[in-house]
């Protein structure tokens with residue numbers, strides 16, 4: 038029994054923090070006290086006060102030695118450069134079999150030493166009563182969980198995604214083309230599964246997570262101890278564990294607490310320190326989650342895994358937390374627009390979606406940072422393995438949408454932050470409006486909206502708007518009349534028999550309702566004052582509701 042417990046300590050996870058209820062204080066005699074960690078559904082951390090776990094000296098020093106193993110990623114990323122250097126110097130052929138045998142002996146010796154260090158760390162944990170209590174609770178929960186306590190779909194392929202349309206070819210041409218493009222397929226696969234995925238999602242890199250660990254632990258502790266947050270781990274249909282944090286405001290005064298805001302972070306964002314804080318400050322109930330491979334989530338952040346994670350988060354919000362889809366708002370920042378737009382497409386009954394500093398399609402941004410000679414390879418890699426087609430998914434959603442554009446954004450622009458017209462949020466707006474209001478979004482409608490999008494501040498924006506003498510009340514009445522007569526889904530044919538001046542007014546009116554400018558850079562946290570409910574058109578007898 039003691040040997041089995043020691044083995045579990047050797048293989049067990051890191052214990053970072055101990056949470057206790059407000060009436061508990063840290064005891065001197067720790068034996069007999071149960072660590073305040075409940076892991077009954079997924080992993081719950083429900084208590085309010087706590088302290089960082091303090092490992093004893095043996096565990097602390099051995100853990101420090103093992104943590105250096107993560108530096109292997111430096112050699113992983115630098116190996117292509119090293120091989121190129123050796124090749125150009127003519128030394129690559131010197132690395133023959135005679136040199137590999139001693140190297141393998143050295144590697145074997147290092148691995149044996151690391152195994153011994155891991156065993157010593159397990160011994161140090163075994164002598165620590167707090168860690169023994171933690172590992173006992175964890176093992177007990179794994180044995181006693183029930184199907185009712187776990188939302189897990191038995192699916193090997195995952196949820197459905199929009200796929201690029203295949204080109205129609207003859208049978209002979211198809212086979213010949215497959216053989217001819219085989220090297221491109223192989224290279225694309227290698228790029229996507231090595232440095233490509235890590236460039237797109239740097240938050241999944243172990244070194245970055247290690248550097249941010251103290252900040253993430255502090256942010257997690259704040260959410261649990263100050264906001265009574267509940268930490269949960271959800272198992273997606275692909276088997277990945279998705280780390281989440283839920284703050285319940287339904288018992289607080291105010292209407293916002295009845296609405297759940299599900300937050301989707303950026304490519305280096307974590308719920309512990311990310312955009313989750315914006316709706317929290319606004320008094321909403323909030324559910325944050327980490328991308329696969331980020332923080333406490335397992336897996337890798339490919340599009341399929343992202344959609345699978347988003348799916349289990351929404352299922353959890355409905356079936357365990359008790360929110361209706363009509364009470365859920367999906368809020369995303371930057372690359373989080375992909376799982377958010379997937380959620381809007383797949384769960385059309387959600388209340389609304391808010392996309393902050395997001396883009397229409399990954400491909401133009403990928404082409405911006407890669408050499409022109411790589412264009413065919415980049416196109417193939419993105420479309421096959423990293424097809425973040427936000428606009429294509431968003432237009433499938435019929436509900437209220439709000440886009441927030443950063444006027445000095447340096448990340449999702451193709452020409453630089455000084456060129457606001459190269460912001461891909463502009464293209465997201467245009468594609469959405471062109472789908473929903475095709476008769477308004479003629480060449481002239483697109484032209485006046487582009488003129489409005491070229492404004493870099495509120496004064497210039499207001500100048501363009503007033504220059505076309507837009508009558509908001511008239512625009513509302515036209516849209517309400519169309520809705521009352523037909524009550525149809527998008528796309529609408531409103532504006533079909535309208536004058537050129539009328540279409541201009543409606544185009545500018547709709548652009549201003551669907552998009553708000555925020556005069557800052559990409560990574561500046563969004564203040565709660567800038568977080569608004571999207572505009573929606575009410576029926577005439579219900580009046581017209583503006584965004585908050």
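Residue numbers (the working numbering): 38 to 585.
Glycine included, C-beta positions come from ideal geometry on N, C-alpha and C.
Inter-residue spacing [alpha-carbon to alpha-carbon] between residue i and residue j
i: residue 461; j: residue 287; result: 36 Å
i: residue 42; j: residue 143; result: 32 Å
i: residue 330; j: residue 230; result: 13 Å
i: residue 101; j: residue 160; result: 15 Å
i: residue 303; j: residue 372; result: 5 Å
i: residue 515; j: residue 427; result: 29 Å
i: residue 201; j: residue 378; result: 17 Å
i: residue 421; j: residue 196; result: 17 Å
i: residue 488; j: residue 564; result: 27 Å
i: residue 431; j: residue 441; result: 15 Å
i: residue 549; j: residue 543; result: 10 Å
i: residue 551; j: residue 219; result: 43 Å
i: residue 192; j: residue 517; result: Low per-residue confidence applies at residue 192: pLDDT is 49, beneath 50, and the placement is therefore not dependable enough to give any value.
i: residue 163; j: residue 103; result: 17 Å
i: residue 341; j: residue 375; result: 11 Å
i: residue 263; j: residue 255; result: 11 Å
i: residue 306; j: residue 538; result: 44 Å
i: residue 521; j: residue 503; result: 28 Å
i: residue 279; j: residue 381; result: 20 Å
Beta strand (DSSP E) segment containing residue i, residue limits
i: residue 280; result: 278-284
i: residue 368; result: 365-370
i: residue 390; result: 389-393
i: residue 440; result: 438-443
As assigned by DSSP and simplified to three states, the class of residue i
i: residue 568; result: coil
i: residue 312; result: coil
i: residue 267; result: strand
i: residue 477; result: coil
i: residue 197; result: coil
i: residue 549; result: helix
i: residue 297; result: strand
i: residue 530; result: coil
i: residue 418; result: helix
i: residue 351; result: helix
i: residue 467; result: helix
i: residue 554; result: strand
i: residue 218; result: coil
i: residue 376; result: helix
i: residue 634; result: Outside the displayed span of the chain (38 to 585) sits residue 634, for which this structure offers no information.
i: residue 485; result: helix
i: residue 91; result: coil
i: residue 99; result: helix
i: residue 410; result: helix
i: residue 31; result: Absent from the model: residue 31. The displayed extent of the chain is 38 to 585, so no value can be given.
i: residue 167; result: helix
i: residue 490; result: helix
i: residue 383; result: helix
Reference residue i; option with closest CA among the options
i: residue 414; options: 227, 260, 378; result: 227
i: residue 362; options: 318, 417, 427, 296; result: 296
i: residue 45; options: 147, 145, 156, 146; result: 156
i: residue 486; options: 547, 473, 496; result: 547
i: residue 554; options: 477, 499, 424; result: 499
i: residue 476; options: 517, 504, 541, 521; result: 541
i: residue 393; options: 386, 416, 446; result: 446
i: residue 360; options: 152, 387, 496, 253; result: 387
i: residue 246; options: 412, 418, 299, 334; result: 334
i: residue 224; options: 417, 408, 391; result: 417
i: residue 50; options: 169, 93, 536; result: 169
i: residue 391; options: 384, 276, 299; result: 299
i: residue 465; options: 492, 399, 216; result: 399
Min CB distance residue i to chain B below 8 Å
i: residue 245; result: Absence of chain B from the displayed structure is noted, only one protein chain being present.
Element boundaries [alpha helix (DSSP H), containing residue i]
i: residue 563; result: Careful: residue 563 lies outside any alpha helix (DSSP H) and carries neither H nor E.
i: residue 427; result: 427-431
i: residue 497; result: 495-504
i: residue 406; result: 399-406
i: residue 287; result: Segment: none, residue 287 is in no alpha helix (DSSP H) and carries neither H nor E.
i: residue 236; result: 234-237
DSSP beta-bridge partners of residue i
i: residue 525; result: None; residue 525 has no bridge partner.
i: residue 322; result: 297
i: residue 586; result: Here the chain has residues from 38 to 585 only, and residue 586 is not among them.
i: residue 272; result: 278
The ligand GTP heavy atom lying under 7 Å from the CB of residue i
i: residue 540; result: Questions concerning the ligand GTP fall outside what the structure shown contains, since it holds no ligand whatsoever.
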